[in-house]
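**Q** Read left to right, the sequence shown gives residues 3 to 253 (my numbering).
Sharing a structure below in structure tokens format, with a few things to ask.
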Amino acid sequence: MLKDTTAVVTGASSGIGAAVAQALAAEGADVALLARRRDRLSELADIINARDGGRARPYETDVTDAHAVRDAISAAADDGDGIDILINNAGSGTWGPAVTADLDDWHTTVEVNLNGVLNTTHAALPHLTRAAAVGERGVADLVTISSIAGRKVPGALSNVYAATKHAVGAFTEALRQELADQHVRAGLVEPGLVVTELTTSGHDHAPDATNPTGYGLLQPMDIASAVVFMVTRPRHVALNEMLVRPTEQTI
Ligand SMILES: NC(=O)c1ccc[n+]([C@@H]2O[C@H](COP(=O)([O-])OP(=O)(O)OC[C@H]3O[C@@H](n4cnc5c(N)ncnc54)[C@H](OP(=O)(O)O)[C@@H]3O)[C@@H](O)[C@H]2O)c1
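Structure representation (structure tokens):
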């Protein structure tokens, strides 16, 4: 369904981003893979390019570096004949009591989760509006991976992480209102607990996905399926927000 489209996926080197890139390519989209770990991006590009579907290219990029992001998005647009879909997925986090927090950790979380989204969105918007205006699909898609922590504060220790996810939610809603008549669909996907490096690397106070019980937690491909569903709706349908929890998650 996404043949002849180009999608940019940030944070494609692991977890949800890697799954989203594979799922979009399986639908026929060419995918530009952005993240800092070049080796991981190249491995993923090889996997995608060995399969049927869209082609993948790695673009080593730190989303906190606005100039690097602009260069990568511009290169991806040149290589792919424009950009039809942007997936703002790159993210990191710090969790813990505010009174003992390292201020640099807070700033890093804001830099990646909020300013990273601003950097990629700002660079991609001219390409998305153009694709919506002249592309065969008649729409373009801007999807940001937020979190359940962008809908409500799941606990005191999620202070800055929740603040960044609420912020991208507000930003996305403003974009939705601005871009609706230009046929750029702005959407949020808000995962509950997903088994990824973020939740299994033992970060202090981070949501912990190392001991799933019962039905188990979400896997990255569960979120990728939601993203694919969102961007493959008919052009008169904008699915603006999807909250996806594990069946047994109560928070
Ligand atoms: N896992 C969950 O339970 C969960 C729940 C709700 C929301 N989310 C959100 O889902 C998104 C993906 O997270 P994940 O769970 O898949 O974690 P992950 O496996 O740790 O992936 C994070 C990705 O972000 C990239 N990234 C981090 N800092 C970056 C930077 N400065 N520049 C470019 N890329 C950067 C990482 O790539 P490099 O290190 O190679 O740069 C990596 O590809 C995040 O926005 C996260 O907040 C996750």
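Positions of the beta carbon are idealized from the N, C-alpha and C atoms, including for glycine.
Assuming E199 contacts G17 (C-beta within less than 8 Å), just tell me the rounded distance between them.
**A** The Cβ separation is near 6 Å, so the contact holds.
**Q** Report buried or exposed for I253, applying the criterion of at least 16 other Cβ atoms within 10 angstroms of its Cβ.
**A** The residue is exposed, with fewer than 16 neighbouring Cβ atoms inside 10 Å.
**Q** To the nearest angstrom, how far is the alpha carbon of T111 from that of I150?
**A** For T111 and I150, the distance between alpha carbons rounds to 16 Å.
**Q** Of the residues V196, I89 and G152, which one's Cα is nearest the Cα of G13?
**A** The residue with the shortest Cα to Cα distance from G13 is I89.
**Q** How about S76: is its Cβ closer than 7 Å to a heavy atom in ligand 1?
**A** For ligand 1, not one heavy atom lies less than 7 Å from the Cβ of S76.
**Q** Roughly how many angstroms lie between the CA atoms of Y163 and L177, to the nearest whole one?
**A** Their Cα atoms are separated by approximately 21 Å.
**Q** Check the DSSP bridge columns for E243 and list the partner residues they point to.
**A** Looking at the DSSP assignment, E243 forms a beta bridge with L190.
**Q** If you pair each beta-carbon of the stretch 54 to 68 with each one of the stretch 113 to 129, do three or more pairs fall below 8 Å?
**A** Output reads yes: the stretch 113 to 129 touches the stretch 54 to 68.
**Q** Among R40, A20 and D41, which one has its Cα closest to the Cα of I50?
**A** For I50, the nearest C-alpha among the options comes from A20.
**Q** Determine the direct distance from the alpha carbon of F173 to that of E180, and round the result to whole angstroms.
**A** Each residue's alpha carbon lies about 11 Å from the other.
**Q** First and last residue of the alpha helix (DSSP H) that includes V229?
**A** Residues P222 to V233.
**Q** Compute the Euclidean distance between the alpha carbons of A47 and R59, then round it to the nearest angstrom.
**A** Roughly 6 Å between the two C-alpha positions.
**Q** Comparing C-alpha positions only, which one of A34, Q184, H124 and L159 sits nearest to G95?
**A** Here the closest residue by C-alpha is L159.
**Q** Give the range of the beta strand (DSSP E) segment to which Y61 is assigned.
**A** That run of the beta strand (DSSP E) goes A58 to E62.
**Q** Beta carbon of P128: closer than 7 Å to some heavy atom of ligand 1?
**A** Flag unset: Cβ of P128 not near ligand 1.
**Q** Along the chain, where does the beta strand (DSSP E) containing D32 start, and where does it finish?
**A** Per DSSP, D32 belongs to the beta strand (DSSP E) from D32 to A37.
**Q** Among V22, M3 and G189, whose alpha-carbon lies nearest the alpha-carbon of I225?
**A** Among V22, M3 and G189, the Cα nearest to that of I225 belongs to V22.
**Q** Where do the N-terminal and C-terminal ends of the beta strand (DSSP E) with I87 fall, by residue?
**A** First-last of the beta strand (DSSP E) with I87: I87 to N90.
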